[in-house]
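Undergrad: Numbering-wise, the sequence shown is residues 1 to 180 according to full-length UniProt numbering.
No residue lacks a Cβ here, since even glycine has one placed at the ideal position from N, Cα and C.
All figures in this text were calculated on a predicted structure; none of them were measured in a lab.
If you scroll down you'll find the structure; I have some questions about it.
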Amino acid sequence: MALLDEFKPQFTKVHEHLVKELAGIRTGRATPALVEDIQVEAYGAFQPIKALASMGTPDARTLLIEPWDGSAVKAIETALQKSDIGIMPTVDGKAIRLVMPMMTEENRQRMVKVMKEKLEDARVSARKVREEARKAIDKLEGVGEDEVRRLQADLDKMVKDFNAKIDETGDKKEKEITTI
């Protein structure tokens with residue numbers, strides 16, 4: 001079992017990456033995760049918005065970005081306009097407002113499709129980890145066939161549990177997207 005414990009962090013890493021990817025998918029509600037990792041050219045380098053400003057949600061559909069340095073407002077606005085979030089920023093003095101439009105049914109379906117692609121990417125990554133683990137099990141020396149079968153069964157259970165976790169995460173996100 002110690003062999004399989006070496007692969008658990010890899011499955012966890014895949015899930016954490018999936019959660020981060022899904023956080024960036026629009027649901028019709030304002031959330032800092034939509035924009036916090038957008039790269040902004042400021043101070044001679046590219047930095048994420050979260051390193052340049054504080055973000056809040058004054059209401060369910062408005063995201064307020066307040067740069068700590070007023071000179072970064074224009075750079076953040078430009079980065080938001082170039083991004084693929086599909087929302088035009090409004091500069092309000094030294095702050096930037098993003099008002100989330102109501103999502104149409106077509107937009108919701110498109111977001112669900114994008115989400116399912118990300119879920120499939122996570123499953124592919126999990127299969128790669130599973131294959132690495134299977135190869136490690138096959139390379140074990142001095143281990144009987146029964147032990148190899150038990151390790152493979154434990155690995156299959158671990159992968160099944162992980163896939164259930166992916167499905168649960170996806171179902172939760174799909175419900176967020178489709179709820180009006």
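1) Would you mind listing the beta strand (DSSP E) stretches within the UniProt domain "Ribosome recycling factor" (20–177) that are 3+ residues and don't spill past its ends, in chain order?
2) Quick one, which of A79, Q81, L52 has its alpha-carbon nearest D69's?
3) Closest by CA to I85, which one among L151, L155, V91, T31?
4) Using the rule of at least 16 other Cβ atoms within 10 Å of the residue's Cβ for burial, across every protein chain shown, is K128 buried or exposed?
5) Once DSSP output is grouped into helix, strand and coil, what is the label at T12?
6) Measure the beta-carbon distance from T62 to V99 and round it to whole angstroms, keeping in mind my assumption that it falls under 8 Å.
7) With distances taken Cα to Cα, identify the nearest neighbour of H17 among I137, G142, A75, V124.
8) One question on the structure: do D59 and P48 come within less than 8 Å of each other, judged by their Cβ atoms?
9) Of the residues I96, A33, R110, which one's Cα is nearest the Cα of V19?
10) Suppose the cutoff is 8 Å on Cβ atoms and the five residues either side in sequence are ignored; what does the same chain contact list for I137 look like?
11) Rounded C-beta distance between V112 and T178? I'm assuming under 8 Å.
12) Excluding the 5 residues preceding and the 5 following S54 in the sequence, name in chain order all residues of the same chain whose CB lies nearer than 6 Å to its CB.
13) Between A72 and E21, what straight-line distance do the alpha-carbon atoms span, to the nearest angstrom?
14) Within 10 angstroms of the Cβ of L140, are there 16 or more other Cβ atoms? Answer buried if so, exposed if not.
15) So, is T27 buried or exposed, given that buried needs 16 or more other C-beta atoms within 10 angstroms?
16) Using a Cβ-Cβ cutoff of less than 6 Å, which residues in the same chain neighbour P89 once the five nearest sequence positions on both sides are dropped?
TA: Working from what's here:
1) 39–42, 45–48, 53–59, 62–67, 90–92, 95–99
2) L52
3) T31
4) exposed
5) helix
6) 5 Å
7) V124
8) no
9) A33
10) L3, V148, L151, Q152, L155
11) 7 Å
12) E66
13) 26 Å
14) exposed
15) buried
16) E77, L80, I96, L98
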